[in-house]
Amino acid sequence: MRAVQITEFGGPEVLTVSDVAEPVPAEGQVLVTVGRAGINYADTHQVENSYLAKATLPLIPGGEVVGRTEDGRRVVALVGSGGYAEKAVAQAPYAFDVPEGVSDGDALALVLQGTTAWHLLKTSTHLRAGESVLVHAGAGGVGSLAVQLAKLWGAGRVIATASSAQKRDRVLALGVDAAIDGDPDGLKDRILAANAGRPVDIVLEMVGGRTFDESFEALGRFGRLVTFGAASREPAQPIDSRRLMKGSKTIAGFWLADCFREPALLADPLRELFDLALAGDLHPVVGGEYGLSEVARAHEDMRARKTVGKLLLDPSR
1 MRAVQITEFG GPEVLTVSDV AEPVPAEGQV LVTVGRAGIN YADTHQVENS YLAKATLPLI
61 PGGEVVGRTE DGRRVVALVG SGGYAEKAVA QAPYAFDVPE GVSDGDALAL VLQGTTAWHL
121 LKTSTHLRAG ESVLVHAGAG GVGSLAVQLA KLWGAGRVIA TASSAQKRDR VLALGVDAAI
181 DGDPDGLKDR ILAANAGRPV DIVLEMVGGR TFDESFEALG RFGRLVTFGA ASREPAQPID
241 SRRLMKGSKT IAGFWLADCF REPALLADPL RELFDLALAG DLHPVVGGEY GLSEVARAHE
301 DMRARKTVGK LLLDPSR
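UniProt numbering applies: residue 1 is where the sequence shown begins, and numbers increase by one.
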């Protein structure tokens with residue numbers, strides 16, 4: 001079968017299409033003929049081996065797929081790796097049936113990025129009605145869903161950052177109250193201005209480095225900041241514990257992989273997200289589709305912040 005298999009770690013240049021043996025499902029696994037695979041920013045870390053979970057070579061990247069099982073079920077599945085291929089195997093509890101009316105793109109957006117947004121707001125930061133929420137990279141896969149969920153769940157004011165005027169227009173169309181430039185220079189002041197001069201209650205942060213630092217400075221009393229990525233590939237400044245005490249602030253971390261030992265932590269949120277999408281209350285943003293042979297360009301575009309929403313990979317071309 002055709003797959004993107006890497007034999008050395010690096011940037012987009014190491015992503016090439018190869019002919020490899022089809023995977024064979026073991027006991028407790030299902031084989032999925034892939035209709036579309038999802039492309040995530042975390043994949044760029046996996047390919048260069050800078051992710052939280054260290055990878056081994058050779059490696060077929062790709063964490064989620066949508067397609068058909070051997071018995072004909074239409075499923076969206078979390079596979080960890082192996083998704084950039086014509087066929088992939090998944091542990092049976094992590095292959096979720098896709099309701100009629102939910103597209104392949106919507107299913108892929110919701111299974112990983114949607115459940116991440118769900119947990120960021122409900123599990124990590126415990127959003128309460130009326131609170132202000134700052135979402136970094138609001139035009140991205142997680143961000144575009146998080147801003148909608150925050151609004152649906154009663155946030156008082158939702159602010160999003162985005163790297164271009166066009167992306168800021170996109171997040172405004174999703175219903176945010178304010179969209180600001182995400183450049184770290186002067187970011188704290190822009191956050192405060194967007195929140196009528198007040199610090200924010202909740203920050204969803206996935207950039208790291210100076211963006212993390214500026215966001216923490218804009219956090220109000222009893223505020224909660226959750227970090228779930230490091231797109232800048234830069235470390236934030238160390239946080240003195242006394243800075244947490246003053247203002248009673250909380251910093252949390254979130255990694256979806258920590259939900260994998262308990263399937264209900266994914267299945268229950270996903271079911272709720274599917275229902276919201278079917279009701280027309282939640283609108284996943286599918287930002288583009290690439291052929292398998294175009295995967296290097298997909299990673300280049302993503303790293304250059306040229307993309308929005310969920311990116312799809314078509315293994316048939």
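All C-beta atoms, glycine included, are put in the ideal place defined by N, C-alpha and C.
Bounds of the beta strand (DSSP E) holding Q29 are 29-39. Per DSSP, the continuous beta strand (DSSP E) segment holding R224 begins and ends at 219-227. When A3, A264, K310, R128 are compared, the shortest CA-CA separation from D201 is found for R128. For D301, there is no enclosing beta strand (DSSP E); the enclosing alpha helix (DSSP H) has its first and last residue at 295-303. Counting the other Cβ atoms within 10 Å of the Cβ of Q148 gives 16 or more, which makes it buried.
Beta bridge pairing from DSSP links E289 with L312. Taken atom to atom, the span from the alpha-carbon of A304 to that of E289 is near 16 angstroms. Counting only unbroken stretches of 3 or more residues, the beta strand (DSSP E) elements lying wholly within the stretch 74-159 are 74-78, 87-91, 95-97, 132-135, in sequence order. Excluding its 5 nearest sequence neighbours in each direction, I251 has C-beta neighbours in its own chain below 6 angstroms: L225, listed in chain order.
If you keep only unbroken alpha helix (DSSP H) runs of at least 4 residues inside the stretch 187-259, you get 187-194, 209-217, 241-245. Take the alpha-carbon of G114 and the one of D301: they are about 22 angstroms apart. R170: not part of any beta strand (DSSP E); member of the alpha helix (DSSP H) spanning 165-173, first to last residue.
According to DSSP, residue pairing for D19 in a beta bridge involves R2.
Spanning the alpha carbons of V75 and G247 requires a straight line of approximately 45 angstroms. DSSP places D275 in the uninterrupted alpha helix (DSSP H) bounded by 264-278. Residue pairing for V66: DSSP places it in a beta bridge opposite R36, V76. Apart from sequence neighbours up to five positions away, the residues of its chain that approach G67 with a beta-carbon distance below 6 angstroms are V32, T33, V34, G35, ordered along the chain.
Annotated three-state conformation of A42 is helix, per DSSP. In the pairwise beta carbon analysis, the stretch 203-220 is classified as touching the stretch 229-242: at least three pairs are separated by under 8 angstroms.
Take the alpha-carbon of S293 and the one of G287: they are about 18 angstroms apart. Q166 sits exposed, since fewer than 16 C-beta atoms from the chains shown fall within 10 Å of its C-beta.
In terms of CA proximity to G175, G154 leads the group G154, M1, D71.
I60 has no beta-bridge partner at all, per DSSP.
Rounded to the nearest whole angstrom, the C-alpha separation of D240 and M206 is 20 angstroms. Bounds of the beta strand (DSSP E) holding D181 are 178-181. For L108, same chain residues with a beta-carbon under 7 angstroms away, outside a window of 5 residues either side, are R36, G38, E64, V66, V76, K310, L312 in chain order. The beta-carbon separation of H119 and P284, rounded to 17 angstroms, does not stay under the 8 angstroms limit for a contact.
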